[in-house]
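Enquirer: Residue numbers (our numbering), protein chains in the order written: chain F, 1 to 312; chain V, 313 to 728. The following block contains the structure, expressed as structure tokens.
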Amino acid sequence: MSDLQPRKDLLDIESLSLEEIEYVLNNAVPFKQLFQRSVKKVPTLRGKTVLNLFYEPSTRTSSSFEVAASRLSADVTNFAVGSSSVVKGESLLDTIETLQAMRSDYIVIRHKGAGVPGIVAKHTNASVLNAGDGYHAHPTQALLDAMTFREVCPDYAGKKVVIVGDILHSRVARSTSTLFHKLGIEVGVLGPGSLIPEGRHDFMQRLASWDDVFDWGPDAVYLLRVQLERQEGQFFPGIAEYHKMYGLNSGRLSQMRERGTWLMHPGPVNRGVEVTDEAMGYEKSLISTQVENGIAVRMAVLHWLKPETQQD
Amino acid sequence: MERLFKNASIARADSPELEKADVLVGDDGVIKEVGKDIAGDAVSDCAGCVLVPGMFDLHVHAREPGAEHKETLATCADAALNGGITGLVLMPDTSPPIDTGNLVKSLQDLVFEASPIPMLVAGCLTKRREGEKLAGFSGMANRGVVMLTDSDRTVPCPDLLRRCMEYARDFHLVVTSHCDTPALTKAGAVNEGRVSYQLGLPGIPAISQEIAIDRDIRVAQHTGAKLHLQQISTAHALRAISDAKATGTNVTCEVSPFHLLLSEDDIEDYNTAYKLDPPLRLPTDRDALLKGLLDDTVDAIATNHAPHTEFEKAADFASAPFGVAGLETAVLSLYDRFIKNGVFGWDLLIRKYSVAPREIVGQRPVAIQEGEKANFFVFDPEGETKVDAGYLKTKSHVSPFLGKALAGAIRETVLG
Numbered sequence: 001m002s003d004l005q006p007r008k009d010l011l012d013i014e015s016l017s018l019e020e021i022e023y024v025l026n027n028a029v030p031f032k033q034l035f036q037r038s039v040k041k042v043p044t045l046r047g048k049t050v051l052n053l054f055y056e057p058s059t060r061t062s063s064s065f066e067v068a069a070s071r072l073s074a075d076v077t078n079f080a081v082g083s084s085s086v087v088k089g090e091s092l093l094d095t096i097e098t099l100q101a102m103r104s105d106y107i108v109i110r111h112k113g114a115g116v117p118g119i120v121a122k123h124t125n126a127s128v129l130n131a132g133d134g135y136h137a138h139p140t141q142a143l144l145d146a147m148t149f150r151e152v153c154p155d156y157a158g159k160k161v162v163i164v165g166d167i168l169h170s171r172v173a174r175s176t177s178t179l180f181h182k183l184g185i186e187v188g189v190l191g192p193g194s195l196i197p198e199g200r201h202d203f204m205q206r207l208a209s210w211d212d213v214f215d216w217g218p219d220a221v222y223l224l225r226v227q228l229e230r231q232e233g234q235f236f237p238g239i240a241e242y243h244k245m246y247g248l249n250s251g252r253l254s255q256m257r258e259r260g261t262w263l264m265h266p267g268p269v270n271r272g273v274e275v276t277d278e279a280m281g282y283e284k285s286l287i288s289t290q291v292e293n294g295i296a297v298r299m300a301v302l303h304w305l306k307p308e309t310q311q312d
Numbered sequence: 313m314e315r316l317f318k319n320a321s322i323a324r325a326d327s328p329e330l331e332k333a334d335v336l337v338g339d340d341g342v343i344k345e346v347g348k349d350i351a352g353d354a355v356s357d358c359a360g361c362v363l364v365p366g367m368f369d370l371h372v373h374a375r376e377p378g379a380e381h382k383e384t385l386a387t388c389a390d391a392a393l394n395g396g397i398t399g400l401v402l403m404p405d406t407s408p409p410i411d412t413g414n415l416v417k418s419l420q421d422l423v424f425e426a427s428p429i430p431m432l433v434a435g436c437l438t439k440r441r442e443g444e445k446l447a448g449f450s451g452m453a454n455r456g457v458v459m460l461t462d463s464d465r466t467v468p469c470p471d472l473l474r475r476c477m478e479y480a481r482d483f484h485l486v487v488t489s490h491c492d493t494p495a496l497t498k499a500g501a502v503n504e505g506r507v508s509y510q511l512g513l514p515g516i517p518a519i520s521q522e523i524a525i526d527r528d529i530r531v532a533q534h535t536g537a538k539l540h541l542q543q544i545s546t547a548h549a550l551r552a553i554s555d556a557k558a559t560g561t562n563v564t565c566e567v568s569p570f571h572l573l574l575s576e577d578d579i580e581d582y583n584t585a586y587k588l589d590p591p592l593r594l595p596t597d598r599d600a601l602l603k604g605l606l607d608d609t610v611d612a613i614a615t616n617h618a619p620h621t622e623f624e625k626a627a628d629f630a631s632a633p634f635g636v637a638g639l640e641t642a643v644l645s646l647y648d649r650f651i652k653n654g655v656f657g658w659d660l661l662i663r664k665y666s667v668a669p670r671e672i673v674g675q676r677p678v679a680i681q682e683g684e685k686a687n688f689f690v691f692d693p694e695g696e697t698k699v700d701a702g703y704l705k706t707k708s709h710v711s712p713f714l715g716k717a718l719a720g721a722i723r724e725t726v727l728g
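Structure, rendered in structure tokens:
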């Protein structure tokens, strides 16, 4: 057992020490092994309650947390926050008061406002797990990405990952790149100039084209989801052009195949935009592994965090 | 009742040196005598204290009428006096917006009842601040508005802005602009750059203010109108203003104490007290603003006192409203950082925050001399002010300085 300081909340990657990162990633491994057994449940969090609070629509992440919590034998409540009830009506402080009164031990929160999980964390005894806030952070995504990459590249330090797509609006890009950087993995970025902000992390090396990417020689290509509704016409002319410039088409896929490059994506994918159908069947795609590791990592995080709700 | 301020040091606009003197204020509120060894009753011992002419704030949102839960004229006046400010200009973005002569008159009546200090009224440039049709300038001018502005909404259409300026010129009214390009600002919350990226908040690019300034200056040059630019926040904007002044453009500008003291690097933990309009910019911008203040590119200091309730500001950063209370921390924070450390003297603060702002809206300067009405505050440089509920008179206890101790204390503000 490690002598880590207990931690109440997981809000971002920046505040995690390398030791803490190792602790979570290492603990996720036995949880993952559990999934091969017929009984996938352990009693770790029996009697504890986990509240899933998603202010933005999400099926994957909320289900992943739900599965993770129930495999730890916690009771899970999905607090239904219709997107309409959030509009204007109840303020954040009122919501927090309601949450505090429910006496949950863990609150999993996704919110469009950057920093909201931090505000909630400050006002509750429960452990708060940030499941995505605005463009700011998505720490469990970063942890599952790191776990996935380490499985295929055990000597990960000095390896290279290129993140392709919308860096500007992506909390995944922020958190995952920060974690990769902490682990000594080099991070490149590829995307239209309108979506690669000047204020990005210094360690993000901008690559100009797929040719550049292949010259650079990444060990994995990490495609981001294109937020069609938000970006088309505003940041790039259209889907066809995006696909032509930045999509993973069959030519690029065959280059990846030749080089043995891994493929990652946080999901859900837009077929025909950032990937082709063909790429979805790519033998070195880690997309399903990411989903599976997501559950293991979230179990490890729930197991690790210490709510201040217990009297004992 | 006569009052004698004994053993004081008197600050003036024209000299960095403080003058040791006693000040006798007559029972009519007029300064009877400034000199040595004056005798009298009702003595306030001011040894070690500085008497400073009352400040004047060009940019205040007192929220009345319409949003009295945030601030009222009465609480705003209390806050002003608490902060050494003895006159101010009210922004017209109330509910209803002040866009007719009758509304100006109603507001002046409210001020008369609620406030011991002059609160001059600014009128809207366009009806209901909607940026579509000219407001009734002549009616407002007849009632004595001192400037025309749509407050934090920049007139979007350059043609309408041009007509506003041409029309305002006839009334010798200054046109005041908040300098923002809404199409660039969008739903931004902080300066666009490293910090907006790290916090994952939508950014407001510097060019949002700079383009508006360039445009407003060109329209002012074209029309010959008097232009006042509010809340300058970037080095580039300041250069544009400096260039315009060099070619004889009739333009003045203000900066806030917050932009002189803080930068985006100070925003911590999504604290919405740092959410200002325009946003806090880079440390290099902050330093350029100070330089501009010292070399006279910046004409005036103005707080943009924009009170909101703590509850309203407790929203998440992107959703919280812009602005914080500023009247009670302006003098103290500038003293704490600059005057105390010898960066500039009381004379500069008086020029920028008492003389120039009054001049911009056609008011006489105030000074501590015989024959003038008493209009000064007693400042104790050895004191310390904890910015908290015990100190603040504004309804809005939201400030980047909340909970902090600032050097110096304003013992009282004396009005004749």
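For glycine and all other residues, C-beta sits at the position ideal for the given N, C-alpha and C. Bear in mind the structure is a predicted one, so any value in this text is a computation, not a measurement.
So who's on the other strand from P365(V), going by DSSP bridges?
Expert: Locating residue 365(V) in the second sequence gives position 53, where the first residue counts as 1. Its beta-bridge partners are F688(V).
Enquirer: For chain V, check one thing: does any of its Cβ atoms lie closer than 8 Å to the Cβ of E20(F)?
Expert: Within the first sequence, numbered from 1, the residue matching residue 20(F) stands at position 20. False, the Cβ-Cβ gap to chain V never drops below 8 Å.
Enquirer: Quick check on T438(V): does DSSP put it in helix, strand or coil?
Expert: Start at 1 with the first residue of the second sequence, and residue 438(V) comes out as number 126. Residue state, collapsed to three classes: strand.
Enquirer: Is there a Cβ of chain V sitting closer than 8 Å to that of R225(F), yes or no?
Expert: As a working note, residue 225(F) is residue 225 in the first sequence. R225(F) does not count as touching chain V.
Enquirer: Distance, Cα to Cα, F236(F) vs D611(V)?
Expert: For this step, residue 236(F) is matched to residue 236 along the first sequence. For this step, residue 611(V) is matched to residue 299 along the second sequence. Whole-angstrom Cα-Cα distance: 43 Å.
Enquirer: Ordered along the chain, which non-local residues of its own chain (more than five positions away) have a Cβ less than 7 Å from that of E14(F)?
Expert: Taking the first residue of the first sequence as 1, we reach residue 14(F) at position 14. Excluding sequence neighbours, E14(F) sits near T178.
Enquirer: Since I believe L248(F) is in contact with L223(F) (beta carbons under 8 Å), could you give me their beta-carbon distance rounded to a whole number of angstroms?
Expert: One-based indexing of the first sequence puts residue 223(F) at position 223. One-based indexing of the first sequence puts residue 248(F) at position 248. Correct: roughly 6 Å between the Cβ atoms.
Enquirer: For Y479(V), I'd like the list of residues in its chain whose CB is within less than 8 Å of its CB, leaving aside the five on either flank, ordered along the chain.
Expert: Reading the second sequence from its first residue, position 167 is the one you call residue 479(V). Cβ neighbours of Y479(V) beyond the five flanking positions: L446 and F449.
Enquirer: Against chain V, with Cβ distances strictly below 8 Å, would M147(F) count as a contact?
Expert: Here residue 147(F) is taken as the residue at index 147 of the first sequence, counted from 1. M147(F) does not count as touching chain V.
Enquirer: Nearest to Y509(V) by alpha carbon, out of S170(F), G188(F), L183(F) and G281(F)?
Expert: Against the second sequence, residue 509(V) aligns to sequence position 197. Minimum Cα distance to Y509(V) is reached at S170(F).
Enquirer: To test your reading of the DSSP string, which unbroken beta strand (DSSP E) runs of 3 or more residues are found completely within the stretch 338-407 of chain V?
Expert: You should have 343-347, 355-357, 362-365, 367-372 and 397-402.
Enquirer: Go through its chain and collect everything with a Cβ distance to R465(V)'s Cβ below 6 Å, but skip five positions before and after it.
Expert: Here residue 465(V) refers to the residue found at position 153 when the second sequence is read from its first residue. Around R465(V): R441.
Enquirer: Using the C-alpha atoms, what's the distance from V161(F) back to K182(F)?
Expert: In the first sequence, counting from the first residue as 1, residue 182(F) sits at position 182. In the first sequence, counting from the first residue as 1, residue 161(F) sits at position 161. Spanning the two alpha carbons is a distance of roughly 13 Å.
Enquirer: Going by beta carbon distance, what residues of the same chain come within less than 7 Å of V226(F), once the five residues before and after it are set aside?
Expert: Within the first sequence, numbered from 1, the residue matching residue 226(F) stands at position 226. Taken in chain order, the residues that qualify are G165, D166, Y242, N270, V273 and E274.
Enquirer: Where does the unbroken beta strand (DSSP E) through F656(V) begin, and where does it stop?
Expert: The residue given as residue 656(V) occupies position 344 in the second sequence. Taken as a continuous stretch (DSSP letters only), F656(V) belongs to no beta strand (DSSP E), as it is neither H nor E.
Enquirer: Could you tell me whether the stretch 386-399 of chain V touches the stretch 359-373 of chain V, using the rule of 3 or more Cβ pairs below 8 Å?
Expert: Short answer: they touch.
Enquirer: Would you please verify whether the beta carbon of Y509(V) is less than 8 Å from any beta carbon of chain F?
Expert: Residue mapping note: residue 509(V) aligns to position 197 of the second sequence, counting from 1. Yes, because at least one Cβ of chain F sits closer than 8 Å to the Cβ of Y509(V).
Enquirer: List, in chain order, every chain F residue whose beta-carbon is nearer than 9 Å to that of A626(V).
Expert: Here residue 626(V) corresponds to residue number 314 of the second sequence, with the count starting at 1. Here the neighbours are S91, L92, L93 and I119.
Enquirer: Can you pull the chain V residues whose beta carbon is under 7 Å from the beta carbon of A126(F), in chain order?
Expert: Position 126 of the first sequence, counted from the start, is the residue given in the question as residue 126(F). Near A126(F) there are no residues of chain V at all, since even the closest Cβ is about 18 Å away, more than 7 Å.
Enquirer: Please report the distance separating the alpha-carbon of K498(V) from that of T44(F).
Expert: Taking the second sequence and counting its residues from 1, one reaches residue 498(V) at position 186. Taking the first sequence and counting its residues from 1, one reaches residue 44(F) at position 44. Taking the straight line from one Cα to the other gives about 47 Å.
Enquirer: For chain F, check one thing: does any of its Cβ atoms lie closer than 8 Å to the Cβ of D581(V)?
Expert: If you number the second sequence from 1, residue 581(V) lands on position 269. It does; some Cβ of chain F falls within 8 Å.
Enquirer: Could you tell me the boundaries of the beta strand (DSSP E) in which S321(V) lies?
Expert: Working through the second sequence from its first residue, we reach residue 321(V) at position 9. Where S321(V) is concerned, the enclosing beta strand (DSSP E) stretches over R315 to R324.
Enquirer: I'd like to know if Q513(V) contacts chain F, where contact means its C-beta is closer than 8 Å to some C-beta of that chain.
Expert: Position 201 of the second sequence, counted from the start, is the residue given in the question as residue 513(V). The sequence given here has Leu at residue 513(V), not Gln. It does: the Cβ of L513(V) has a partner Cβ on chain F nearer than 8 Å.
Enquirer: Report the three-state DSSP secondary structure of E566(V) (helix, strand or coil).
Expert: Looking up residue 566(V) in the second sequence gives position 254. Reduced to three states, the DSSP call for E566(V) is strand.
Enquirer: Give me the Cβ distance between C565(V) and H540(V), rounded to the nearest whole Å; I'm assuming they're in contact under 8 Å.
Expert: For the purposes of this step, residue 565(V) is taken as residue 253 along the second sequence, with counting starting at 1. For the purposes of this step, residue 540(V) is taken as residue 228 along the second sequence, with counting starting at 1. That belief holds up - the Cβ atoms of C565(V) and H540(V) are roughly 7 Å apart, short of 8 Å.
Enquirer: For the stretch 204-211 of chain F against the stretch 184-192 of chain F, are there 3 or more C-beta pairs whose distance is under 8 Å?
Expert: Contact between the stretch 204-211 of chain F and the stretch 184-192 of chain F is present, because at least three Cβ pairs lie under 8 Å.
Enquirer: Check each residue of the stretch 483-511 of chain V: if its Cβ is closer than 8 Å to any Cβ of chain F, include it; give the result in chain order.
Expert: Cβ contacts with chain F come from E504, G505, R506, V507, S508, Y509, Q510 and L511.
Enquirer: What span of residues does the beta strand (DSSP E) with F79(F) cover, start to end?
Expert: The count along the first sequence starts at 1 and reaches residue 79(F) at position 79. Segment D75 to F79, the beta strand (DSSP E) holding F79(F).
Enquirer: Residues in the stretch 382-413 of chain V with C-beta within 7 Å of chain F's C-beta atoms, listed in sequence order?
Expert: Flagged: no residues at all.
Enquirer: Counting along the chain, where does the beta strand (DSSP E) carrying A585(V) start and finish?
Expert: By 1-based counting over the second sequence, the position of residue 585(V) is 273. Looking at the DSSP string, A585(V) is not in any beta strand (DSSP E), and its letter there is neither H nor E.
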